[in-house]
Amino acid sequence: MSNGPHAKLAELGHTLPEVVPPLASYVPAVQSGQHVYVSGQLPMVEGKLLATGKVGAGVSADQAKDLAQQCALNALAAIDSLVGLENVVKVVKLTGFVAASSGFTAIPGVINGASDLFGAVFGEAGRHARSAVGVAELPLDAPVEVEVVVEVS
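Numbering (the numbering used here), first residue to last: 1234 to 1386.
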């Protein structure tokens, strides 16, 4: 499996983090039929948010793009713990939320941090439908949140 998703992550310099424990009454991921639905993932590492605040006011677009990538890594960890990354057939849909300051409109570029990671890990199977949404607030004052749906074998 030298060309599988774990090997690709390693090539990219990433290791999967521990699954982020739920912050409320939900589970990190759920399988229904051939799809896994991953709950919204915040940019957390070892139980701590990497940043707080609004993108465009205190959090730069570049920093937020990196935070979106961490959200994607956390989503991959949730998928891996439930069904194994090697069983991902297709990344179907990614929804990204950006806590944006007034006037910040570069929301799609921020969410590219997650999209680009899925493309790098899964190749063509990582290309997905997507929504990128600016919001007033996110849980714990997180700047970014990402949720994903994948098809599995």
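Don't be surprised by glycine CBs; every beta carbon is placed ideally from N, CA and C.
- Note that the C-beta distance between residue 1289 and residue 1333 is below 8 Å.
- Scanning the stretch 1237 to 1324 for uninterrupted beta strand (DSSP E) segments of 3 residues or longer gives 1262 to 1265, 1268 to 1274, listed from N- to C-terminal end.
- Counting the other Cβ atoms within 10 Å of the Cβ of residue 1308 gives 16 or more, which makes it buried.
- In this structure, residue 1311 and residue 1376 do not form a Cβ contact; the two beta carbons are roughly 20 Å apart against a cut-off of 8 Å.
- Between the stretch 1237 to 1251 and the stretch 1334 to 1347 there are fewer than three C-beta pairs closer than 8 Å, too few to call the two in contact.
- Only residues of its own chain outside the window of five on either side were considered, and among them 1330, 1331, 1332, 1333 have a CB closer than 8 Å to the CB of residue 1368, listed in chain order.
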